[in-house]
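Trainee: To start, I am sharing the structure in question, which I have written as structure tokens.
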Amino acid sequence: MKPKAYITRIIPEDALNIIARCCEYRIWESETQAVPRSVLEQNVQDADGLFTLLTEKIDKDLLDMAPRLKVVSNMAVGFDNIDVAECTKRGILVCNTPGAVSY
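The sequence shown finishes on residue 89 if you use this note's numbering, and the numbering steps up by one all the way, no holes.
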């Protein structure tokens, strides 16, 4: 069975094709509206990975709902929205895109 990813914004089709090769995924179908917390909570329950933006708060409460989570990847330079210490304690890898604004 492929790992499951939840993506909190529409991303380019090329990127989705790459993800689809190795993962099943669900995606929040908005380019402008942040995913509601209740929707994020529902979708994180069986997710192995999250692709997030700064608008999503990845805190202890959310992590408690995500027993399978292995990676959180922020599609942003920063990562203030993620409780990195809690992720580290749980062995969850945290990634960001530090060069995203320099292109």
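Quick reminder that beta carbons are idealized off the backbone N, C-alpha and C, glycines included.
Using only the alpha-carbon positions, how far apart do Leu40 and Tyr11 sit?
Mentor: So the two alpha carbons sit approximately 20 angstroms from each other.
Trainee: For Asp66, which option in Gly35, Asp45, Met51 has the closest C-alpha, if you only look at C-alpha atoms?
Mentor: For the residues Gly35, Asp45, Met51, the minimum Cα distance to Asp66 belongs to Asp45.
Trainee: According to the neighbour-count rule (16 or more other Cβ atoms, all chains shown, within 10 Å of its Cβ), is Ile4 buried or exposed?
Mentor: It is exposed - the Cβ of Ile4 has fewer than 16 other Cβ atoms within 10 Å.
Trainee: Going by Cα to Cα distance, which pick from Lys56, Ser24, Ile(-4) is closest to Ala33?
Mentor: The candidate whose alpha carbon is nearest that of Ala33 is Lys56.
Trainee: With which residues is Arg12 paired in a DSSP beta bridge?
Mentor: DSSP, once it has assigned bridges, lists Tyr(-8) as partnering Arg12.
Trainee: If the criterion is Cβ atoms closer than 9 angstroms, does the pair Ala71 and Glu42 meet it?
Mentor: No, they are not a contact pair.
Trainee: Report the residue from Ala1, Ser16, Cys8 whose alpha carbon sits nearest the alpha carbon of Arg(-5).
Mentor: Minimum Cα distance to Arg(-5) is reached at Ser16.
Trainee: Just grab the DSSP bridge partners of Phe37 for me.
Mentor: In the DSSP output, where bridge partners are listed per residue, Phe37 has Ile(-7), Ser59.
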